[in-house]
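So for the sequence shown, my numbering puts the first residue at 41; every next one is plus one.
For each residue, glycine too, the CB sits at the ideal point set by N, CA and C.
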Amino acid sequence: MEKLALLGGNPVRLNEKPLEDRWPETLPEDKAAVERVFDRGHFVGLHDEDVESFEAAYADFVGTEYALAFGTGTSSLHASVVAAGCQPGDEVIVPALTFLASATAIMHQLGIPVFADIDPDTFNIDPASVERQISPRTRAIMAVDMHGLPADYAALRKVADRHGLVLIGDAAHAMGAEYQGRRVGSLADITGTSIMPAKQLATCGEGGLLSTDNLEYFNRANMVRMFGEVVQKGKPRAYNAFTLGWNYRLNPVQAAYASSQLKRLPDYAKTFAENGAFLADGLRELPGCVPPFIPEGSTHVYHMFRIKFEPEKAGLDVHPGRFAKAVEVAMAAEGMPLRFYQNIPVPGQMVFRLKEGFGGGIPWTLPGARDVNYDLEEYPVSLTVLESTRCIGASGTSGPNYFRNRRTMELYLEAFRKVWSHLDDLAGYARKMEYDPPWSNIAPSTRGVWTVLLPNQKKGQ
Ligand SMILES: Cc1ncc(COP(=O)(O)O)c(C=O)c1O
Numbered sequence: 041m042e043k044l045a046l047l048g049g050n051p052v053r054l055n056e057k058p059l060e061d062r063w064p065e066t067l068p069e070d071k072a073a074v075e076r077v078f079d080r081g082h083f084v085g086l087h088d089e090d091v092e093s094f095e096a097a098y099a100d101f102v103g104t105e106y107a108l109a110f111g112t113g114t115s116s117l118h119a120s121v122v123a124a125g126c127q128p129g130d131e132v133i134v135p136a137l138t139f140l141a142s143a144t145a146i147m148h149q150l151g152i153p154v155f156a157d158i159d160p161d162t163f164n165i166d167p168a169s170v171e172r173q174i175s176p177r178t179r180a181i182m183a184v185d186m187h188g189l190p191a192d193y194a195a196l197r198k199v200a201d202r203h204g205l206v207l208i209g210d211a212a213h214a215m216g217a218e219y220q221g222r223r224v225g226s227l228a229d230i231t232g233t234s235i236m237p238a239k240q241l242a243t244c245g246e247g248g249l250l251s252t253d254n255l256e257y258f259n260r261a262n263m264v265r266m267f268g269e270v271v272q273k274g275k276p277r278a279y280n281a282f283t284l285g286w287n288y289r290l291n292p293v294q295a296a297y298a299s300s301q302l303k304r305l306p307d308y309a310k311t312f313a314e315n316g317a318f319l320a321d322g323l324r325e326l327p328g329c330v331p332p333f334i335p336e337g338s339t340h341v342y343h344m345f346r347i348k349f350e351p352e353k354a355g356l357d358v359h360p361g362r363f364a365k366a367v368e369v370a371m372a373a374e375g376m377p378l379r380f381y382q383n384i385p386v387p388g389q390m391v392f393r394l395k396e397g398f399g400g401g402i403p404w405t406l407p408g409a410r411d412v413n414y415d416l417e418e419y420p421v422s423l424t425v426l427e428s429t430r431c432i433g434a435s436g437t438s439g440p441n442y443f444r445n446r447r448t449m450e451l452y453l454e455a456f457r458k459v460w461s462h463l464d465d466l467a468g469y470a471r472k473m474e475y476d477p478p479w480s481n482i483a484p485s486t487r488g489v490w491t492v493l494l495p496n497q498k499k500g501q
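1. Excluding the 5 residues flanking N504 on each side, which residues of the same chain have their C-beta closer than 7 Å to its C-beta?
2. Counting along the chain, where does the alpha helix (DSSP H) carrying F380 start and finish?
3. Looking at chain C, is there any beta carbon in it that lies within less than 8 Å of the beta carbon of Q127?
4. Do you know how far the Cα of E368 is from the Cα of G375?
5. Please state whether the Cβ-Cβ distance between T405 and G248 is less than 8 Å.
6. Tell me the rounded alpha-carbon separation between L47 and S226.
7. Does ligand 1 have even one heavy atom less than 7 Å from the beta-carbon of A372?
8. With a threshold of 8 Å, are at least 3 pairs of Cβ atoms found where one atom belongs to the stretch 378 to 385 and the other to the stretch 419 to 433?
9. Alpha carbon to alpha carbon, how far is R447 from A313?
10. Should M236 be listed as close to ligand 1, given that the test is whether its C-beta is under 7 Å from any heavy atom?
11. Tell me whether the beta-carbon of P51 lies closer than 8 Å to the beta-carbon of T162.
12. By the three-class DSSP mapping on this structure, what secondary structure does V199 have?
13. Look at L117 and S142 and say whether their C-beta atoms are less than 8 Å apart.
14. Report, in whole angstroms, the separation of the C-beta atoms of S175 and R410, which I expect to be a contact under 8 Å.
15. Could you tell me if the beta carbon of V367 falls within a distance shorter than 7 Å of some heavy atom in ligand 1?
16. Within the present structure, is the beta-carbon of D465 separated from the nearest heavy atom of ligand 1 by less than 7 Å?
17. Looking only at DSSP bridge pairs, what is K348 linked to?
18. Does I146 come out as helix, strand or coil in the three-state DSSP assignment?
19. Measuring CA to CA, which of G268, P327 and Y257 is closest to T231?
20. Using a 10 Å radius around the Cβ and a threshold of 16 neighbouring Cβ atoms, would you call D192 buried or exposed?
21. Output yes or no for whether 8 Å exceeds the beta carbon distance between L250 and F110.
22. Cβ of P167 within 8 Å of Cβ of A195?
23. On the criterion of 16 or more Cβ atoms from any shown chain inside 10 Å, does G337 qualify as buried, or is it exposed?
24. E503 bridges to which residues according to DSSP?
25. If you run the structure through DSSP and keep just helix, strand and coil, what is R446?
26. Quick one, are the C-beta atoms of A298 and T339 less than 8 Å apart?
27. Along the beta strand (DSSP E) that carries S234, what are the first and last residues, could you check?
28. Work out the CA separation of L67 and D61 for me, nearest whole Å.
29. Taking the Cβ atom as the reference point for each residue, do A261 and L108 lie within a distance shorter than 8 Å?
30. Looking at the unbroken beta strand (DSSP E) that takes in Y297, where does it start and where does it end?
31. So, under 8 Å CB-CB, P58 and Q301 are touching, yes? Tell me the CB distance rounded to an integer number of Å.
32. Under the rule that 16 or more other beta-carbon atoms within 10 Å means buried, what is P440, buried or exposed?
33. Go through its chain and collect everything with a Cβ distance to A45's Cβ below 7 Å, but skip five positions before and after it.
34. Identify every run of the beta strand (DSSP E) within the stretch 246 to 276, keeping only runs that are complete inside it and at least 3 residues long; order them along the chain.
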């Protein structure tokens, strides 16, 4: 068997051309849709026929009564938090492993994010941890369909109902995924999602969507999107804001593009799921290499394909974090990149550690608000997962760049099999290499000042 490229052998793939496919895929019909908007010449996202037909098509696709298009996913989540009735100082429970914006969308309403730990197998928010984090100030739970797998909505719904909480969904990773026969976007009381270009449903720029069956939530979110005003079609604008609002509209060009993409989303989702299953089947044959777990009744659309490494199952006495890093380095040398997705639980990011917020510690210092604890030890599962896993792909890419292409899956499998046929070499390398956990390069220092060490800097320099 060829030596590991890491140790001087020939790589599985020479880096002569990019591994990733372009995403989103822009077809003639997408261009034609955009061109029609230019021909029409209406570019404001209010009462626009392309924006409205996109909203109707999306509501129909996910199976909700109402949908609203937003300028970003973050703004759709912010509007969801407002619509859910979250008041300044209220708490919303969100997973410790997610993208930052799930949590900051809560703070944009002066709400306080409270983090729950995740399930070690699905990597989604753990309903038991959610229940432990509930306080008298809790208003809502925000479930994130992490990496493309729907959260455990049945269990979360029970927790929400037991405590009278609103269930908000963050579906940014999982457009096209299904849960017990229903589509992501219809599983919570109100759901925000992103359609920026790394996502399964992509527009030609930044964008977001909100969906709900609840007319009151819809109306409130609509006002948040439109300066706090109610602007009715066919009636003169009253220029009278009822509430605090923003300008969060999506433009018609992007609505037309995304609407055209939406028609192909079911096919894309099927292809992602099939290729992911093919890769997972191959990886399962390698001891200590654990592909994403998919509960019965769910589908996965692989925004990220996160692989867990368990060296003890491969008969190796190596620290899992060291082993994961050694696999990453070995795979990179073979021309098949693996990446981190998040290297610290979100509450470990400086914005939460320093608790400066809007200044003066707001929202944590608001009257009646709780000063919640963001110590990393509160999230042991998230820490273990971040240390002992890696995702398919290079930094700055996402699932759709890989999971449309069976040949890419085959190349990954070939490289993994090669690395697994040299496990003793790999273990030797893992024991000797320099190693720090992934979150160690983020060092808290004085309040208001923080230090992020560059990769080639040593701590203390
Ligand atoms: C889980 C999650 N939530 C929210 C967002 C925010 O969406 P946007 O970038 O469209 O504002 C993202 C990523 O972009 C995300 O990954």
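To lay it out plainly:
1. Residue 504 lies beyond the residue range present for the chain, which begins at 41 and ends at 501; the question has no answer from this structure.
2. Neither: F380 is in no alpha helix (DSSP H) and is coded neither H nor E.
3. You won't find chain C in this structure, because it holds only one protein chain.
4. 11 Å
5. For T405 and G248, no; Cβs fall outside 8 Å.
6. 50 Å
7. No, the Cβ of A372 stays beyond 7 Å of every heavy atom of ligand 1.
8. The stretch 378 to 385 vs the stretch 419 to 433: in contact.
9. 15 Å
10. yes
11. no
12. helix
13. Yes. Within cutoff.
14. 6 Å
15. No, ligand 1 has no heavy atom inside 7 Å of this Cβ.
16. Outside the cutoff, so no.
17. V330 and T429
18. helix
19. Y257
20. Buried is the label assigned to D192, since at least 16 other Cβ atoms lie within 10 Å of its Cβ.
21. yes
22. yes
23. exposed
24. As displayed, the chain neither begins before 41 nor continues past 501, which places residue 503 out of reach and without an answer.
25. Reduced to three states, the DSSP call for R446 is helix.
26. Between A298 and T339, the CB-CB gap reaches or exceeds 8 Å.
27. I230 to S234
28. One C-alpha to the other measures close to 14 Å.
29. Using a Cβ distance threshold of 8 Å, A261 and L108 count as a contacting pair.
30. Element bounds for Y297: not the beta strand (DSSP E) but the alpha helix (DSSP H), P292 to R324.
31. Wrong, their Cβ atoms sit about 22 Å apart, outside the cutoff.
32. buried
33. P51, A373 and E374
34. 248 to 252
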